Each structure stands twice: as C-alpha cells, then as structure tokens.
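Working notes for the structure below.
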Amino acid sequence: MITEVKTKIPTYDKIHLKFKLNGRYYDSESLGEVAYCFIKEGEPHQKTLGDFLQAWLDNNDYVEVQTSGSIGIPKKIKIKKQAMVNSAIATGNAFNLRPGDSLLHCLPFNFIAGRMMLVRAMILGLELDVVPPKITPVFDLDKTYDFAAMIPLQAQNSLSKLQHFKALIIGGAASPHQLLEDIQDIDTQCYSTYGMTETVSHIAYRALNGPNKSDFYKAMPNVKVSTNAQDCLVLEADYLFDGALETNDVAVMHSENEFKLIGRIDNVINSGGLKLFAEQIEKHLTGGISERFFVAGQADEKLGERLVLVIEGEEKTIDPIIFKDLKKNEIPKDILFVKKFIETPNRKIQRKKTLELLK
C-alpha cells in the first residue's frame with residue numbers, strides 16, 4: 024500500500040536556512056538587527072523594509088497593509104502572516120521557484136506586492152537583491168535573476184535589460200500596447216498577474232509572450248473564481264482570506280478556473296443607453312497615444328454621460344486616425360488635457376479626481 028506523504032507547510036515564524044538578503048544569510052535574530060539599522064540609518068526604501076521586517080518578526084500573527092482602493096476606499100487592513108506564507112508557497116509552485124533561486128526586488132515596501140517579494144524569499148529560501156524602487160531600476164548587470172516583479176513603467180524603461188531575468192511578473196496596472204509588442208521578441212517569460220491587497224497579492228496569472236501566451240487569466244490552485252449578477256468576479260480562497268470576495272472587475276469566464284478581464288464596473292460609461300467599458304476602448308488607443316491617458320464619462324443632459332478622452336500633458340492636436348479601430352459609439356465626443364494626473368501613492372491614476380479638475 025502506498026502511503027501519501029504530506030509536505031509540512033512552513034510557519035511564518037521560521038526563516039528558511041537558504042534565505043539571503045543582498046548577498047548575506049540571515050536568521051530571525053540577525054534580521055531583527057538589520058531591520059533596526061535600516062530604520063535608523065537606511066535610505067528611504069530601506070527604512071520601509073526595516074519597518075516591515077520588525078512587524079513580521081513581532082509577536083502578532085498579522086501585519087497591517089495599506090490597500091490600493093481596488094474594491095473600495097483605500098485603508099489599512101490586517102492580513103494574517105500565515106496567509107502571506109501560503110501565498111508565497113502558491114507563487115513558488117506556480118513559477119517553479121526553488122531554494123537558492125535569485126530574485127530582484129525593485130518595488131516599494133509600502134504595499135502588498137513589495138512585501139510579498141520579501142516573504143517569498145524568507146519562506147522559500149531565495150536570494151533577494153533589494154534596490155531602490157525607481158521607475159528605471161538600477162541593478163547588477165553581471166547577474167541573471169530567476170524571478171522579478173515590476174510595474175509596467177519599470178518594465179518599459181528596462182527593455183534593454185530584461186534579458187537578465189528568466190521570469191518577470193508585470194502588475195499594478197494595465198500594460199501599454201507598446202510594452203506588450205516589445206516583449207514578444209525577448210526570451211524572458213513575462214506574465215501579467217491579477218490580485219489585490221485583500222487577496223494577499225496575485226491569485227491568477229497569464230503569459231504575455233512565449234508559447235503559452237493567453238488572453239485568459241488562470242487562477243492559482245485552490246482559488247475558486249465565479250461571477251455575480253453584475254458579471255463581476257467573485258473570489259474564494261480560504262487559505263488566503265475568509266469568505267467570498269466580490270470585486271469590481273467585470274469578467275467573462277472561459278472555464279471553471281480561467282477568465283478574461285473586461286474592465287472595472289466603476290469605469291463603465293452609460294452613454295445614450297449603451298454601456299461602454301473604458302478599458303476596452305483604451306486598448307484600441309494605446310498604440311496611437313504616447314502620453315498617459317484614459318477615457319471616462321462626463322455628465323450630459325442628452326446622453327446621460329458623454330464619452331471623453333483625457334490625456335496627460337500640454338494641449339496638442341490629435342490625429343483622428345487613432346480612432347480607426349473603434350466603433351462609432353466608442354469614439355470620444357471630446358479630447359481633454361490635464362497637465363498632471365492625480366495618482367494614488369502607488370502611481371495608479373485616480374480617474375474621478377482627475378476628471379474633477381476639468382470642471
């Protein structure tokens with residue numbers, strides 16, 4: 024008779040023996056010491072690293088994390104440390120990370136994405152190099168990293184250096200059309216991830232290039248995905264969070280664990296009785312506009328909402344050819360310019376607040 028051997032899940036109070044931070048091995052005691060040094064004498068990104076390390080090593084079984092506002096007003100929430108461990112293991116399994124693999128960390132530690140990179144390293148026994156979270160990351164070009172995470176702007180600014188990564192996850196915002204085109208001819212396997220603070224980082228991913236490229240996100244094991252009456256995603260993953268989490272993301276199910284994102288329900292524009300999804304329209308415009316932009320609805324007596332295109336920067340003439348792939352009712356009624364978009368602390372555009380600048 025074959026006896027099933029169950030792998031013991033690590034607990035949050037254990038640091039993997041192979042964990043390295045910037046080339047040095049650390050255990051819990053020495054991590055506490057370096058955290059103190061970072062807070063007292065470190066650079067800004069090291070201070071936030073030190074703050075998180077101290078929170079991770081304290082006697083609480085949770086840490087406080089700032090949400091980005093994906094499913095409500097930005098706020099601080101408590102996340103169980105063991106849930107973060109479980110998430111780290113799931114990512115390790117999904118991307119085949121093994122003890123001794125190397126990671127580059129170039130994200131802020133204020134938010135879940137940056138914190139989870141550190142947790143993955145501590146729990147899975149990975150070698151983590153931490154560099155300042157600049158929009159153009161500076162890192163050791165003599166190394167090849169097994170894994171890294173970037174926001175789209177960082178990936179775009181690092182195109183000539185992406186060969187230094189075997190796998191790269193790109194998240195935090197939608198990737199622009201030019202970036203998606205540029206990564207088709209590189210060997211680095213790039214992925215888009217889906218998740219939020221409340222789901223303890225990503226719970227689904229899709230390949231952006233290579234033989235497994237797909238338009239559909241695949242949920243990670245033990246994550247249940249479905250849609251509600253408004254076609255918004257509903258997520259369940261008891262090893263990460265309690266109960267069912269209803270999101271604001273409209274999606275189409277492809278299979279029981281695969282889905283395609285359509286857009287956010289709070290970005291739907293009701294114009295003349297038609298529902299227009301901002302993100303779908305924006306996909307057709309990314310190749311023709313070099314500046315940051317978004318489409319939105321402005322109050323209109325006749326239509327209810329009129330579709331407008333908002334571009335960041337000084338006013339200039341826009342060639343109508345950029346609208347060639349849009350249906351008639353998807354063409355903006357007006358083009359508006361804002362010198363600087365209003366952003367969240369992690370650089371997500373605040374559409375409604377930016378639109379209010381035009382009143």
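Read in order, the letters of the sequence shown are residues 24 to 382 in the numbering used here. Glycine included, each C-beta is placed from N, C-alpha and C at the ideal position. Note that the structure is predicted; figures quoted are calculated from it, not measured.
Contact annotation: Leu330 and Ile292 have beta-carbon atoms nearer than 9 Å. Under the DSSP assignment, Leu76 falls in the alpha helix (DSSP H) whose first and last residues are Pro67 to Leu80. The beta carbons of Leu263 and Val246 sit closer together than 9 Å.
Two segments are said to touch when three or more pairs of C-beta atoms, one from each, lie closer than 8 Å; by this definition the segment 296-304 touches the segment 280-288. Boundaries of the alpha helix (DSSP H) around Met145: Ile135 to Leu147.
Between the alpha carbons of Ala252 and His277 lies a distance of about 17 Å. According to the DSSP assignment, Asn180 belongs to the alpha helix (DSSP H) that extends over Pro175 to Asn180. Within its own chain, no residue has a Cβ closer than 7 Å to the Cβ of Asp261 once the five positions on either side in sequence are excluded.
CA-CA distance, Gln201 to Gly194, rounds to 16 Å. Annotation for Met107: the continuous alpha helix (DSSP H) segment containing it runs Lys104 to Ala117.
The beta carbons of Ala117 and Met243 sit about 6 Å from each other, so the pair counts as a contact at 8 Å. Rounded to whole angstroms, the gap between the alpha carbons of Lys101 and Asn133 is 14 Å.
Excluding the 5 residues flanking it on each side, Cys129 has same chain C-beta neighbours closer than 6 Å at Val154, Pro156 and Pro160, in chain order.
Cβ-Cβ distances below 6 Å link Leu40 to nothing in the same chain once the five nearest sequence neighbours on each side are left out. Here Lys184 carries a helix assignment [DSSP, helix/strand/coil]. The residues Gly311, in chain order, have a CB closer than 8 Å to that of Asp342 in the same chain once the five nearest residues on each side in sequence are set aside. Bridge pairing for Ile193: Met173 and Ser215 [DSSP]. The three-state reading of DSSP puts Leu378 in helix, counting H, G and I together. The segment 39-53 and the segment 143-150 touch, with no fewer than 3 CB-CB distances between them shorter than 8 Å.
Rounded to the nearest whole angstrom, the C-alpha separation of Tyr168 and Leu185 is 10 Å.
For the options Ala267, Phe61, Ile32 and Lys98, the alpha carbon positioned closest to that of Thr367 is the one of Lys98.
The C-beta of Gln207 has fewer than 16 other C-beta atoms within 10 Å across all chains shown, which makes the residue exposed.
Spanning the alpha carbons of Val86 and Pro122 requires a straight line of approximately 25 Å. Assignment of Leu54 by DSSP, reduced to helix, strand and coil, places it in the helix class.
Within its own chain, the residues whose Cβ lies closer than 6 Å to the Cβ of Leu332, once the five positions on either side in sequence are excluded, are Val318, Pro355 and Ile358, listed in chain order. For Leu127, same chain residues with a beta-carbon under 6 Å away, outside a window of 5 residues either side, are Asp152, Phe162, Tyr168 and Ala171 in chain order. Taking Val257 as the centre and dropping the five residues before and after it, the same chain places the C-beta of Val248, Ser249, Thr250, Asn251, Ala267, Leu268, Glu269 and Thr270 closer than 8 Å to its C-beta, in chain order. DSSP places Glu279 outside both helix and strand once states are collapsed to three, so it counts as coil. Judged by DSSP secondary structure, Gln373 falls outside any beta strand (DSSP E); it is assigned neither H nor E. In this structure, DSSP gives Thr167 a state outside helix and strand, which the three-state scheme calls coil. Residue environment for Gly296: exposed (fewer than 16 other C-beta atoms within 10 angstroms of its C-beta). Taking 9 Å as the cut-off, the beta carbon of Glu353 is found closer than this to the beta carbon of His307. With fewer than 16 other Cβ atoms from the protein chains shown falling within 10 Å of its own Cβ, Thr34 counts as exposed. Taking C-beta atoms as the reference points, Ala197 and Glu305 count as a pair closer than 9 Å.
In this structure, Phe75 and Leu141 form a Cβ contact; the two beta carbons are roughly 7 Å apart against a cut-off of 8 Å. Secondary structure at Lys306: helix, using DSSP grouped into helix, strand and coil.
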